[in-house]
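Participant: The sequence shown begins at 16 in the working numbering and counts up by one. Glycine included, each C-beta is placed from N, C-alpha and C at the ideal position. The structure displayed is predicted, hence computed values, not measured ones.
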Amino acid sequence: MAAGSADPGDAATRNPGRRGLGVDIGGSGIKGGLVDLDAGVLIGERHRIDTPQPATPRAVGEVAGRIVEHFGWTGEVGLTLPAVIVGGVARTAANIDPAWIGTQTREALGRCIPGPVEVLNDADAAGLAEVRFGAARDVAGVVLVLTFGTGIGSALFVGGRLVPNTELGHIDVGGEDGETLAAASVRERLELSWPQWAARVEQYLQRLERFLWPDLIVVGGGVSKRADKWLPLISHRTPIVPAQLQNAAGIVGAALAAAEDRGY
Ligand code: BGC
16 MAAGSADPGD
26 AATRNPGRRG
36 LGVDIGGSGI
46 KGGLVDLDAG
56 VLIGERHRID
66 TPQPATPRAV
76 GEVAGRIVEH
86 FGWTGEVGLT
96 LPAVIVGGVA
106 RTAANIDPAW
116 IGTQTREALG
126 RCIPGPVEVL
136 NDADAAGLAE
146 VRFGAARDVA
156 GVVLVLTFGT
166 GIGSALFVGG
176 RLVPNTELGH
186 IDVGGEDGET
196 LAAASVRERL
206 ELSWPQWAAR
216 VEQYLQRLER
226 FLWPDLIVVG
236 GGVSKRADKW
246 LPLISHRTPI
256 VPAQLQNAAG
266 IVGAALAAAE
276 DRGY
């Protein structure tokens with residue numbers, strides 16, 4: 016793993032552990048950061064660039080390359096996409112251009128990146144970070160990480176091992192797609208109060224609990240910072256805790272996936 020640049024004087028720079036670089040690609044922003052792979056934290060600041068519109072493989076690949084260049088990084092890079100990724104090929108595309116579907120993401124994103132790349136689903140990456148370093152650290156059994164954002168992402172773990180591409184944000188809830196009912200973006204778009212939105216999340220979670228009996232659910236995304244506003248309002252069977260890595264989860268998980276080279 017090659018070394019990257021970081022702020023001089025930073026504690027992790029003075030005493031570096033294993034490092035990686037993660038890039039989290041979303042519908043509105045592409046964010047990268049250097050990661051201390053032993054501590055599961057960012058080293059220095061994230062670097063963010065607006066997602067180009069339309070978010071085609073070529074345009075997104077160029078921005079990802081600029082982010083990697085910003086860090087002067089030549090080693091392996093982990094990248095996330097809001098898409099099902101099987102054998103490196105995108106099978107869906109949420110909030111990015113449909114041209115991604117059928118694209119070999121490692122080629123498209125690796126074009127402007129000097130080192131090898133690993134690409135995985137964004138929620139899977141966030142989940143990896145929470146399981147390794149965050150709210151589900153040392154939890155045995157079945158763990159489900161849900162990310163509430165523009166959509167709902169899911170990452171399922173059995174004994175710490177990821178079951179990739181679960182797409183549980185799309186379960187049917189009373190004839191409606193789960194994420195259309197209860198994503199965090201729905202609360203903003205419809206200007207719902209916390210109790211109004213919590214009632215929708217409860218419906219979604221209760222439906223999910225009919226199919227899955229996890230030992231723990233971790234709820235992530237921006238709303239996890241305000242979990243006190245809505246989590247206590249929801250009745251559910253499974254223990255639920257807010258995510259801990261906040262907006263670093265995708266970057267940390269992507270860097271981890273690249274370093275571990277599991278081929279998700
Ligand atoms: C997509 C998932 C993605 C999630 C979060 C959903 O709409 O289907 O692949 O993980 O949004 O971005």
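Measure the alpha-carbon distance for ILE40 versus ARG106 and round it to whole angstroms.
Facilitator: Reading the sequence shown from its first residue, position 25 is the one you call residue 40. Reading the sequence shown from its first residue, position 91 is the one you call residue 106. Their Cα atoms are separated by approximately 16 Å.
Participant: Report the rounded CA-to-CA distance for GLN261 versus ARG63, giving the unit in angstroms.
Facilitator: Numbered from 1 along the sequence shown, position 246 holds the residue referred to as residue 261. Numbered from 1 along the sequence shown, position 48 holds the residue referred to as residue 63. In a straight line, the C-alpha of GLN261 is about 16 Å away from that of ARG63.
Participant: Per the DSSP calculation, ASP51 is bridged to which residue(s)?
Facilitator: Within the sequence shown, the letter at position 36 stands for residue 51. Note: ASP51 sits in a beta bridge opposite ARG34 and VAL56.
Participant: Taking the beta carbon of ALA269 as the centre, do at least 16 other beta carbons fall within 10 Å, making it buried, or is it exposed?
Facilitator: Your numbering for residue 269 matches position 254 in the sequence shown. Per the 10 Å Cβ criterion, buried.
Participant: Per DSSP, LEU135 is paired with what?
Facilitator: Translated into the one-based positions of the sequence shown, residue 135 becomes position 120. In the DSSP output, where bridge partners are listed per residue, LEU135 has THR95.
Participant: Which runs of the beta strand (DSSP E), 3 residues or longer, sit entirely within the segment 117-175?
Facilitator: Complete beta strand (DSSP E) runs here, min 3: 132-136, 157-163 and 167-173.
Participant: Give a single yes or no on whether ALA123 has its beta carbon closer than 6 Å to a heavy atom of ligand 1.
Facilitator: On the sequence shown, position 108 is the one that residue 123 refers to. Outside the cutoff, so no.
Participant: Name the one or two DSSP bridge partners that GLU191 has.
Facilitator: Locating residue 191 in the sequence shown gives position 176, where the first residue counts as 1. GLU191 is bridged to VAL188.
Participant: Would you call the CB atoms of ALA150 and VAL267 closer than 7 Å?
Facilitator: Translated into the one-based positions of the sequence shown, residue 150 becomes position 135. Translated into the one-based positions of the sequence shown, residue 267 becomes position 252. No.
Participant: Since ILE232 is in the beta strand (DSSP E), which residue starts that stretch and which ends it?
Facilitator: As a working mapping, residue 232 is identified with position 217 in the sequence shown. Where ILE232 is concerned, the enclosing beta strand (DSSP E) stretches over 231-235.
Participant: Only counting the same chain, and skipping five residues up and downstream in sequence, which positions put a Cβ closer than 7 Å to that of PRO129?
Facilitator: If you number the sequence shown from 1, residue 129 lands on position 114. These residues qualify, in order along the chain: THR89.
Participant: Where does LEU271 sit, in a helix, a strand or coil, going by DSSP?
Facilitator: Within the sequence shown, residue 271 is the residue found at index 256, counting from 1. Residue state, collapsed to three classes: helix.
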